[in-house]
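> Take a look at the following structure, please.
Protein chains in written order, with my numbering: chain A, 584 to 999; chain B, 584 to 999.
What follows is the structure, given as structure tokens:
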């Protein structure tokens with residue numbers, strides 16, 4: 584079964600928003616055995632939407648659309664679909680009730696354009712959207728399924744999980760698609776490829792290996808599909824285990840999980856508590872950690888000590904250290920990590936101090952200079968990095984390096 | 584001049600990564616007057632890539648590709664382009680030197696597959712990639728330009744800014760495209776549409792108005808293109824001003840900037856310092872603020888006080904308050920904000936405490952319950968929200984609400 588995703592909206596094509604919907608949808612579809620052939624982003628233009636629909640139905644059996652269903656005049660997906668399928672409009676009473684209750688519970692006035700959200704092409708099946716006012720519309724035409732959903736991510740997510748995926752699963756006999764991902768760090772893509780070349784060459788035709796590098800980490804992903812679920816799993820897992828054995832020192836996780844989740848699991852399994860002390864990463868490390876449900880089991884919190892004053896107040900860094908060596912120095916970052924451990928009563932603390940840019944560079948300390956320290960109780964080690972002159976990239980790479988360094992230190996202590 | 588973007592990689596179509604490249608590229612292209620007609624994501628499959636190229640060249644003059652240029656076997660973009668343009672391969676000496684120096688400066692061993700990065704289709708123009716080992720390739724065929732770039736975001740960004748955009752600008756007479764964006768908060772999309780209906784109806788045909796709702800904010804975007812830069816700007820700005828006057832109380836910024844940047848500007852212009860005290864948002868508010876260059880001018884930092892202990896240690900919340908009312912309560916969140924102001928010596932502090940989920944809900948305090956407080960010196964106000972039961976969305980909406988509440992409070996104090 585092949586699907587395509589069409590995301591609709593001028594805001595995507597002028598780069599005002601990043602389309603995060605399609606990646607999320609693709610992941611869900613893959614998990615139930617539906618392959619996504621193509622993702623297409625088009626403008627709020629009827630002819631262009633129709634062209635994309637015509638092209639997609641030649642390649643796919645299921646076409647999922649998001650966007651262009653708002654109540655305002657720039658939203659034309661519904662009109663375009665009525666034209667495409669040659670349908671008139673009807674007012675859907677259940678949708679109208681849903682829209683009314685949406686406004687009632689929020690104690691907001693309801694307008695005529697909100698009421699018009701209940702007008703739908705008369706040949707579509709309406710699926711209620713519990714989290715918004717634009718109903719989801721399901722069309723079938725010449726054996727192809729077309730579904731139009733609101734572009735607001737959480738409205739789309741609810742519809743996919745509760746309505747669309749269950750319908751697709753009960754409708755079709757879906758093959759089993761299996762991915763197995765191994766997360767590695769501290770080894771380059773090419774070097775990794777050389778290490779595992781013999782295993783890669785021995786893979787059966789139907790198992791694909793992909794390298795996904797990102798921020799000093801490389802994910803190795805084995806993929807295969809088939810009808811015999813047990814067999815596919817067994818074969819892929821066999822080769823995955825070979826890969827893991829071959830590059831063991833670099834393996835962070837044998838799952839498709841982010842580094843911070845692997846770190847949290849390691850901490851929790853060993854009953855450890857940790858904290859953060861962030862300057863240039865400005866809370867990003869703590870944010871990555873606290874995105875993961877259950878992070879409070881081992882993460883206590885930390886300081887976002889952006890100013891020198893806060894480094895002293897929150898972490899107890901000595902004024903003298905800051906004066907003598909500067910905020911971006913081995914001495915300061917070590918005091919930050921030790922201070923976090925002592926004050927926050929944690930086993931481990933990771934501290935980052937650097938120059939994220941674009942300003943703040945100085946002789947001997949160019950923009951991108953970043954010191955990272957990891958403290959285990961009252962022992963501390965620090966390392967110097969340079970992550971280049973782009974601010975956001977700098978923050979992201981600093982955070983990834985800090986989490987990797989912390990993970991590696993914990994592993995090291997545990998094997999001592 | 585019309586461009587299309589093709590992003591290549593199985594990892595996009597199985598949803599393992601979000602394609603952020605295309606939004607960034609689209610924004611850059613729009614700014615120089617090149618319209619992006621479509622963004623297409625395809626798999627690492629030669630036939631599919633060729634099908635996408637054939638379709639794109641019918642609609643566009645410039646086709647920009649990212650991805651599939653890594654050194655490993657799953658990367659087939661280069662081979663596919665050679666086949667598509669019917670070219671052989673040559674080894675590019677400048678690229679080889681670039682690859683060698685890349686490995687030398689990183690003190691990493693160079694492998695044969697890295698050397699092969701210097702093999703390029705013999706009819707393409709090579710553009711050096713200073714930040715990686717995959718060269719950028721520029722092809723021209725039947726009046727259409729095709730550019731293939733690495734998919735690693737910062738490699739692509741450097742190539743676009745330093746090489747591709749300057750070449751396109753000097754090659755073509757580009758029309759002027761103008762967008763004017765107004766950021767509003769605390770008003771729903773439909774209500775906003777009703778307020779500005781008369782202005783919207785009076786817009787000339789060539790000026791388009793779009794509503795872009797996100798996290799309790801709505802961006803209004805006016806767009807127009809033309810050859811007379813001054814005239815286009817003048818007309819769009821005229822209507823933008825009318826919109827601003829009509830919905831003044833809800834206007835946060837008259838620019839396409841994020842809420843946190845508008846907040847930083849307001850703080851800096853008025854010589855104010857502020858801090859954060861975050862529980863359930865786990866550092867996300869501080870991260871949003873510190874993403875903005877120059878944020879250190881008014882943002883001092885703050886506490887990520889995830890545990891009850893850290894709420895006491897970092898912010899001085901009373902143990903009694905936590906015991907009597909719980910961490911997610913009006914009393915606690917007020918003490919958090921006041922504590923941040925007092926300890927960090929700031930004018931304003933914003934504090935958030937809530938239940939992000941999926942666990943942690945309790946009778947009377949379901950998952951999604953969030954208290955937000957804003958302190959101005961020793962005065963404090965707090966507000967209760969419920970942001971539903973999805974963790975990530977909960978964190979994002981809490982942060983947006985906290986920043987809006989802080990912005991509104993500062994404005995209020997300034998007009999007193």
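The C-beta atom is built at its ideal place from N, Cα and C for all residues, glycine as well.
Note that the structure is a prediction, hence the values are computed from the model and not measured.
Identify the contact partners of residue 867 of chain B in chain A, using a Cβ-Cβ distance below 9 Å as the criterion.
Looking up residue 867 of chain B in the second chain gives position 284. Here the neighbours are 866, 867, 869, 870, 873, 874.
> Which same chain residues, not among the five before or five after residue 1058 of chain B, have their C-beta less than 8 Å away from its C-beta?
There is simply no residue 1058 of chain B to check, as chain B begins at 584 and stops at 999 in what is shown.
> Using the three-state DSSP reduction, which class does residue 736 of chain A fall into: helix, strand or coil?
Looking up residue 736 of chain A in the first chain gives position 153. Residue 736 of chain A falls in the helix class under three-state DSSP.
> What does residue 618 of chain A pair with, by DSSP beta-bridge criteria?
Here residue 618 of chain A refers to the residue found at position 35 when the first chain is read from its first residue. Answer is A:585.
> Which value, in whole angstroms, describes the spacing of the CA atoms of residue 618 of chain A and residue 838 of chain A?
For this step, residue 618 of chain A is matched to residue 35 along the first chain. For this step, residue 838 of chain A is matched to residue 255 along the first chain. Roughly 21 Å between the two C-alpha positions.
> Cβ atoms of residue 920 of chain B and residue 900 of chain B: under 8 Å apart, would you say?
Taking the second chain and counting its residues from 1, one reaches residue 900 of chain B at position 317. Taking the second chain and counting its residues from 1, one reaches residue 920 of chain B at position 337. No. Outside cutoff.
> Assuming residue 664 of chain B and residue 731 of chain B form a contact by the criterion Cβ under 8 Å, report the distance between their Cβ atoms to the nearest whole angstrom.
For the purposes of this step, residue 664 of chain B is taken as the residue at position 81 of the second chain. For the purposes of this step, residue 731 of chain B is taken as the residue at position 148 of the second chain. At roughly 6 Å, the Cβ-Cβ gap stays under 8 Å, so residue 664 of chain B and residue 731 of chain B are in contact.
> Run down chain A in chain order and give the residues with a C-beta less than 8 Å from the C-beta of residue 657 of chain B.
Against the second chain, residue 657 of chain B aligns to sequence position 74. Residues of chain A passing the Cβ test: 791, 792, 793, 794.
> At the level of alpha carbons, what is the spacing between residue 645 of chain A and residue 729 of chain A?
Working through the first chain from its first residue, we reach residue 645 of chain A at position 62. Working through the first chain from its first residue, we reach residue 729 of chain A at position 146. Going by the C-alpha atoms only, they are around 6 Å apart.
> Quick check for students: name the residue ranges of the alpha helix (DSSP H) that lie wholly in the region 636 to 663 of chain A, counting only runs of 4 or more.
With a minimum length of 4 residues, no continuous alpha helix (DSSP H) run stays inside the region 636 to 663 of chain A.
> Just the Cα atoms here: how many angstroms apart are residue 706 of chain A and residue 681 of chain A?
Here residue 706 of chain A is taken as the residue at index 123 of the first chain, counted from 1. Here residue 681 of chain A is taken as the residue at index 98 of the first chain, counted from 1. Residue 706 of chain A and residue 681 of chain A: Cα-Cα distance of roughly 20 Å.
> Are the region 923 to 937 of chain A and the region 953 to 970 of chain A in contact at 8 Å, needing three or more beta carbon pairs?
Contact holds: three or more Cβ-Cβ distances are below 8 Å.
> Buried or exposed for residue 704 of chain B, going by 16 or more other Cβ atoms inside 10 Å?
As a first step, residue 704 of chain B must be located in the second chain, where it is residue number 121. Burial call: buried.
> Cutting at 6 Å between CB atoms, please list the residues of its own chain near residue 886 of chain A, excluding the five before and the five after it.
On the first chain, position 303 is the one that residue 886 of chain A refers to. 860, 897, 898, listed in sequence order.
> Does the beta-carbon of residue 660 of chain B have 16 or more other beta-carbons within 10 angstroms, so that it is buried, or is it exposed?
Residue mapping note: residue 660 of chain B aligns to position 77 of the second chain, counting from 1. Burial call: buried.
> In chain order, what residues of the same chain have a beta carbon less than 8 Å from the beta carbon of residue 1033 of chain A, not counting five sequence neighbours either side?
In the structure displayed, chain A extends from 584 to 999; residue 1033 of chain A sits before or after that span and is not available.
> Could you list which residues in chain E have their beta carbon closer than 7 Å to that of residue 954 of chain A, in chain order?
This model lacks chain E altogether, as its protein chains are A and B.
> Could you work out which residue in B:589, B:649, B:690 is closest to residue 643 of chain B when comparing CA atoms only?
The residue given as residue 643 of chain B occupies position 60 in the second chain. When each option's Cα is compared against that of residue 643 of chain B, the closest is B:589.
> If we define contact as Cβ-Cβ less than 8 Å, is residue 704 of chain A a contact residue for chain B?
Here the question's residue 704 of chain A lines up with position 121 in the first chain. Not closer than 8 Å to any Cβ of chain B, the Cβ of residue 704 of chain A fails to qualify, so no.
> Would you please verify whether the beta carbon of residue 594 of chain B is less than 8 Å from any beta carbon of chain A?
Working through the second chain from its first residue, we reach residue 594 of chain B at position 11. Chain A, which has a Cβ nearer than 8 Å to the Cβ of residue 594 of chain B, makes this yes.
> Pull up the distance between the alpha-carbon of residue 651 of chain A and that of residue 746 of chain A, whole angstroms please.
Here residue 651 of chain A refers to the residue found at position 68 when the first chain is read from its first residue. Here residue 746 of chain A refers to the residue found at position 163 when the first chain is read from its first residue. Going from the Cα of residue 651 of chain A to the Cα of residue 746 of chain A covers about 20 Å.
> For the 8 Å Cβ check, are there 3 or more pairs between the region 687 to 699 of chain A and the region 770 to 785 of chain B?
Yes, they touch.
> Verify the CB distance criterion: does residue 721 of chain A have a CB-CB separation below 8 Å to chain B?
Translated into positions along the first chain, residue 721 of chain A becomes position 138. For residue 721 of chain A, the answer is no, since every Cβ of chain B falls outside 8 Å of its Cβ.
> Taking the Cβ atom as the reference point for each residue, do residue 823 of chain A and residue 894 of chain A lie within a distance shorter than 8 Å?
As a first step, residue 823 of chain A is located in the first chain; it is residue number 240 there, counting from the start. As a first step, residue 894 of chain A is located in the first chain; it is residue number 311 there, counting from the start. Going by C-beta atoms, residue 823 of chain A is not nearer than 8 Å to residue 894 of chain A.
> With a cut-off of 8 Å, does the C-beta of residue 694 of chain A fall near any C-beta of chain B?
Residue 694 of chain A sits at position 111 when you count from the first residue of the first chain. Cβ-Cβ to chain B under 8 Å: yes for residue 694 of chain A.
> Can you look up residue 806 of chain B in the DSSP assignment and give me helix, strand or coil?
In the second chain, residue 806 of chain B corresponds to position 223, counting from 1. Of the three classes helix, strand and coil, the one that applies to residue 806 of chain B here is strand, per DSSP.
> Expressed to the nearest angstrom, what Euclidean distance is found between the alpha-carbon atoms of residue 807 of chain A and residue 639 of chain A?
The residue labelled residue 807 of chain A in the question sits at position 224 within the first chain. The residue labelled residue 639 of chain A in the question sits at position 56 within the first chain. Straight-line Cα distance between these residues: approximately 24 Å.
> Using a Cβ-Cβ cut-off of less than 9 Å, list which residues of the region 825 to 840 of chain B approach chain A; keep chain order.
If the cut-off is 9 Å between Cβ atoms, the region 825 to 840 of chain B has 839 near chain A.
> Within 10 angstroms of the Cβ of residue 712 of chain A, are there 16 or more other Cβ atoms? Answer buried if so, exposed if not.
In the first chain, counting from the first residue as 1, residue 712 of chain A sits at position 129. Residue 712 of chain A comes out buried.
> Would you check if there are 3 or more beta carbon pairs closer than 8 Å linking the region 974 to 982 of chain A to the region 603 to 623 of chain B?
The region 974 to 982 of chain A, when compared against the region 603 to 623 of chain B, does not touch it at the 8 Å Cβ threshold.
> I'd like to confirm the pairing. Which residues does DSSP put opposite residue 910 of chain B in its beta bridges?
Translated into the one-based positions of the second chain, residue 910 of chain B becomes position 327. For residue 910 of chain B, which the question treats as bridged, DSSP gives no partner whatsoever.
> Quick one: list the residues of chain B neighbouring residue 882 of chain A, beta-carbon separation under 7 Å, in chain order.
Position 299 of the first chain, counted from the start, is the residue given in the question as residue 882 of chain A. Chain B residues near residue 882 of chain A: 889.
> Looking at the structure shown, is residue 630 of chain B part of a helix, part of a strand, or coil, going by DSSP?
If you number the second chain from 1, residue 630 of chain B lands on position 47. Reduced to three states, the DSSP call for residue 630 of chain B is helix.
> Ends of the alpha helix (DSSP H) at residue 669 of chain A?
Position 86 of the first chain, counted from the start, is the residue given in the question as residue 669 of chain A. Counting along the chain, residue 669 of chain A falls outside any alpha helix (DSSP H), and DSSP gives it neither H nor E.
> Under 8 Å between beta-carbons, which chain A residues line up against residue 942 of chain B? List them in chain order, please.
Counting from one through the second chain, the residue named residue 942 of chain B turns up at place 359. Chain A residues near residue 942 of chain B: 876, 877.
> Determine, using beta carbons only, whether residue 674 of chain B comes closer than 8 Å to chain A.
Sequence index remark: in the second chain, residue 674 of chain B carries index 91 (1-based). No - not a single Cβ of chain A is within 8 Å of the one on residue 674 of chain B.
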